[in-house]
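Visitor:
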Amino acid sequence: MARIGTSDLDVSSLCLGGNTFGWTSDRDTSFAVLDTYTAAGGNFIDTADVYSAFAPGNVGGESETVLGDWFTTTVRRQDVVLATKVGQHPEFRGLGAENVARAADASLQRLQTDHIDLYYAHRDDPDTDLEETVAAFDALVQAGKVRHVGLSNYSAERIREWMAIADENGFARPVALQPHYNLVKRHEFESELAPVATQFDLGVMPYFALASGFLSGKYRSKDDFDDSARSGFASAYLNDESVRVLEVADEIAKANDVAMPTVAIAWLLSKPTVVAPIASARVTEQLEALLGAATLELSVDEVERLDAASASVPA
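Throughout the sequence shown, residue numbering follows the working numbering, covering 1133 to 1447 in sequence.
1. As a quick exercise: from 1290, 1161, 1200, pick the residue whose alpha carbon is nearest that of residue 1255.
2. Using only alpha-carbon positions, find the residue among 1248, 1210, 1414, 1413 that is nearest to residue 1273.
3. Can you check whether the CB of residue 1136 is closer than 8 Å to the CB of residue 1308?
4. Looking only at its chain, what residues have a beta carbon closer than 7 Å to the beta carbon of residue 1257, apart from the 5 residues adjacent to it on each side?
5. Which residues in the same chain have their Cβ closer than 7 Å to the Cβ of residue 1235, if we skip the five residues on either side of it in sequence?
6. Hey, residue 1419 and residue 1381: beta-carbon distance below 8 Å or not?
7. Hey, would you say residue 1411 sits closer than 8 Å to residue 1146, going by beta carbons?
8. What residues in its chain sit with their C-beta under 6 Å from that of residue 1270, if we drop five residues either side in the sequence?
9. Are the Cβ atoms of residue 1336 and residue 1281 separated by less than 8 Å?
10. Using the C-alpha atoms, what's the distance from residue 1240 back to residue 1326?
11. Taking the alpha helix (DSSP H) that residue 1277 belongs to, which residues open and close that run?
12. Considering Cα atoms alone, identify which of 1323, 1339, 1319 is closest to residue 1310.
13. Which residue spans inside the region 1297-1332 form an unbroken alpha helix (DSSP H) run of at least 4?
14. Give, in chain order, every unbroken run of the beta strand (DSSP E) that is at least 3 residues long and sits entirely within the region 1204-1250.
15. Just reading off the beta strand (DSSP E) that residue 1178 is part of, what are its end residues?
16. Curious, which full-length alpha helix (DSSP H) runs of at least 4 residues does the region 1333-1416 contain?
17. Give the list of continuous beta strand (DSSP E) stretches no shorter than 3 residues that lie fully inside the region 1134-1183.
18. What's the C-alpha gap between residue 1189 and residue 1328?
19. Give the straight-line distance between the Cα atoms of residue 1261 and residue 1178, rounded to the nearest whole angstrom.
20. Which residue comes first and which comes last in the alpha helix (DSSP H) that contains residue 1442?
21. Check for me: the alpha helix (DSSP H) holding residue 1421 runs from which residue to which?
22. Which residues does DSSP list as the beta-bridge partners of residue 1282?
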């Protein structure tokens, strides 16, 4: 277990992404994934109120609804550190005070719980004064509906502004940062966000830890992609340099008798400030490779080889 920043939240080193629930994983499959993950010692689940409005036939909130049903069915809510996000749901776009309050209540209802352990601003809202947003999140903390605040997809400058407003007004400070960060997407986080995470002691939970499946190793050329949404996301990472990263990761995986996703997540865990990379599993069979990262300690040489290969990937 590791502590998230300055919070009192102790979490497992793999955060289970809930974006597949109600999308590529139906209710029963989602329940099986959650059962397997928690049985293996996992206690940290990440979702968002917008998941999965992007899927045909969905309206948003499907993932939270599945999770709420699982909590009620298993009576396991107290065993889980629950993170969700606000700002992108079709009915609750933006981070105005009224919208944040209404969206939080809607999430709590879908999740069938009375509190959210970690509530993220999903992405910056330039159309709302930041002071209003910071105060809205603090109001949720004061009301007991949210235990801790997190930021996702924020620039370093805006994180500093949020912290300054919080300190000036005695509002709850964010404790977590959720950036896009993985072996083939490094530049923005390492050059801009990592120093801020260190400065403010923010626990980092990288999303797209496996680059939408690209770092699973099954995509090596254009011929490997199909017309699925997941494949479409992964195709954005394909270039000669990223294929070289796959080759190095594959060599290290074989040397350690593990799967490539295990290596990719273990590499993230070797980085300062990273607490728990986020990865999702469509089916239970995918969990073993994800959970294995917790016990794989890459050597200094292996980390350096991965660093060197991924450093050449275009920003």
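Beta carbons: idealized from backbone N, C-alpha and C, even for Gly.
Guide: Walking through what the data contain:
1. Against the sequence shown, residue 1255 aligns to sequence position 123. Of 1290, 1161, 1200, the residue nearest in Cα terms is 1290.
2. Counted from its first residue, the sequence shown places residue 1273 at position 141. Nearest C-alpha to residue 1273: 1248.
3. Counting from 1 along the sequence shown, the entry for residue 1308 is found at position 176. Counting from 1 along the sequence shown, the entry for residue 1136 is found at position 4. Yes, they are a contact pair.
4. What you label residue 1257 is simply residue 125 of the sequence shown in a count that begins at 1. Excluding positions up to five away in sequence, the list reads 1219, 1226, 1227, 1265.
5. Looking up residue 1235 in the sequence shown gives position 103. Excluding sequence neighbours, residue 1235 sits near 1181, 1218, 1221, 1224.
6. The residue labelled residue 1419 in the question sits at position 287 within the sequence shown. The residue labelled residue 1381 in the question sits at position 249 within the sequence shown. Contact: no.
7. Taking the sequence shown and counting its residues from 1, one reaches residue 1411 at position 279. Taking the sequence shown and counting its residues from 1, one reaches residue 1146 at position 14. Cβ distance < 8 Å, so residue 1411 and residue 1146 count as in contact.
8. By 1-based counting over the sequence shown, the position of residue 1270 is 138. Taken in chain order, the residues that qualify are 1303, 1304.
9. Position 204 of the sequence shown, counted from the start, is the residue given in the question as residue 1336. Position 149 of the sequence shown, counted from the start, is the residue given in the question as residue 1281. Contact: no.
10. Along the sequence shown, read from residue 1 onward, the residue named residue 1326 stands at position 194. Along the sequence shown, read from residue 1 onward, the residue named residue 1240 stands at position 108. Answer to the nearest angstrom: the Cα atoms are 31 Å apart.
11. Against the sequence shown, residue 1277 aligns to sequence position 145. Looking at the DSSP string, residue 1277 is not in any alpha helix (DSSP H), and its letter there is neither H nor E.
12. The sequence position of residue 1310 within the sequence shown is 178, counting from 1. When each option's Cα is compared against that of residue 1310, the closest is 1339.
13. 1326-1331
14. 1213-1218
15. One-based indexing of the sequence shown puts residue 1178 at position 46. Looking at the DSSP string, the run of the beta strand (DSSP E) that includes residue 1178 is 1176-1178.
16. For secondary structure counted as the alpha helix (DSSP H) over 4 or more consecutive residues, the region 1333-1416 holds these complete runs in sequence order: 1361-1367, 1372-1388, 1392-1401.
17. 1147-1149, 1176-1178
18. To locate residue 1189, count along the sequence shown from 1; it is residue 57. To locate residue 1328, count along the sequence shown from 1; it is residue 196. Cα-Cα distance, rounded: 39 Å.
19. On the sequence shown, position 129 is the one that residue 1261 refers to. On the sequence shown, position 46 is the one that residue 1178 refers to. Going by C-alpha positions, residue 1261 is about 27 Å away from residue 1178.
20. Taking the sequence shown and counting its residues from 1, one reaches residue 1442 at position 310. Residue 1442 -> alpha helix (DSSP H) spans 1432-1443.
21. Your numbering for residue 1421 matches position 289 in the sequence shown. For residue 1421, the uninterrupted alpha helix (DSSP H) segment begins and ends at 1419-1423.
22. If you number the sequence shown from 1, residue 1282 lands on position 150. Residue 1282 pairs with 1252, 1308.
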